[in-house]
Structures are given as structure tokens and as C-alpha cells.
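Numbering (this note's numbering), first residue to last: 58 to 241. The beta-carbon is built from N, C-alpha and C at its ideal position, and this holds for glycine as well. Keep in mind that this is a model prediction, so the values were computed, not measured. The structure under discussion appears below in the form of C-alpha cells.
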């Protein structure tokens, strides 16, 4: 009988040691340090946000288009591209209306030759405005109405103001004029 008590004590001691060992190992796992992993995820998130927010502005210069020169250092921001050449007005690489002798034919203006609104430009820019407005809403932003104007340096002022007026009719109220950087 005494032997059973001793065995029972030894068994209890063995169980107590085993329980203590398991608890110690569990304590080591309880404080798993996830801070380095969170730091890594934060760095990746910041990197991805910067990558998506910094996009190169792709502006292709058509042949025969001579942009005026400037010494400004400001970089252009992404927006709708409107190009005025000696032969056409192009919105986002789609020729919208033909230009002859520095003028747009009166049939493309709802108010005749003396009018400023060029209907095909207003129509094309309205489609882009709708697309950009939806895109801005998806990104929880507001539509800023920026249009980038590339005009040949020989473009008559009247034609430039007609294009700007037409863009304004399509709710593009902010303009950026693209020029070539002068060599220093």
C-alpha cells in the first residue's frame, strides 16, 4: 500500500512537472511579436500607394506640331489631352474636327462662324468628363476638370479660345498649356 502512495506522489510530481513545462512553452508562444510583420506590411502599403499615385504623363507629340518653348520647371499632371494641330483638333488621340487655315468650319459650330462652341469637341469632352467623374467617385475623390492643351505655336488665338470655350462647356474649367522646355 505504501508503494501505491509513493507511485501516486511520483505520478503527481511527474504530472506537475509536465504541466509546468507545457505552461512555460505556452507562455513563449503567447507573446508572438507581430510588430515586424505589421511594419513590413505598412512599408509595402506605402510603396504600392506611391507607385499607383505617381504615373508618368504620356503626351505624344504629333509630327508637324511645334510646341512653344518655356523655361518653366513644373511637371504636367494627368488630365484629358487636347491637341490643336494645323490640320485637326485631337482629343485623347482621336481626331475630332478638321482645321483648315487656322479655323474650324462653321458647320461644326451651333452658333455659326462667329460662335465659340465647337460641338464635336464639347461632345467628345463630355464623354471623357462622364468617365472621369465615375472614376473619381470610385476613388472617393472629386472631378477636378483639368484639360491639357497642346497647341502648335502657329495656332491663331481665336482657335485656341474656341477650344478653351468648348472645353469649358464640357465642364473642363482648369487648363494646362503644354510647352517645350528651353535648353539652358
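With respect to residue 200, residue 137 sits apart: the two C-beta atoms are not nearer than 8 Å.
Excluding the 5 residues flanking it on each side, residue 149 has same chain C-beta neighbours closer than 7 Å at 137, 138, 185, in chain order. As the crow flies, the alpha-carbon of residue 233 is around 6 Å from that of residue 204. Taking residue 158 as reference, the option from 193, 214, 190, 197 with the minimal CA-CA separation is 214. Residue 232 carries a strand assignment under DSSP once its states are collapsed to helix, strand and coil.
With respect to the 8 Å criterion, residue 175 and residue 144 are not classified as neighbours on the basis of their beta carbons.
Contact between residue 235 and residue 206 holds: CB atoms are separated by about 7 Å, below the 8 Å threshold.
DSSP lists 145 as the bridge partner or partners of residue 155.
The three-state secondary structure of residue 198, taken from DSSP, is coil.
Secondary structure of residue 193 (DSSP, three-state): helix. Here residue 183 has 227 as same chain residues with Cβ atoms under 6 Å from its own Cβ, once five neighbours each way along the sequence are excluded.
For residue 204, the uninterrupted beta strand (DSSP E) segment begins and ends at 203-208. Bridge partners of residue 175 according to DSSP: 166.
Boundaries of the alpha helix (DSSP H) harbouring residue 215: 214-226, taken from the DSSP string. Taking residue 170 as the centre and dropping the five residues before and after it, the same chain places the C-beta of 163 closer than 6 Å to its C-beta, in chain order.
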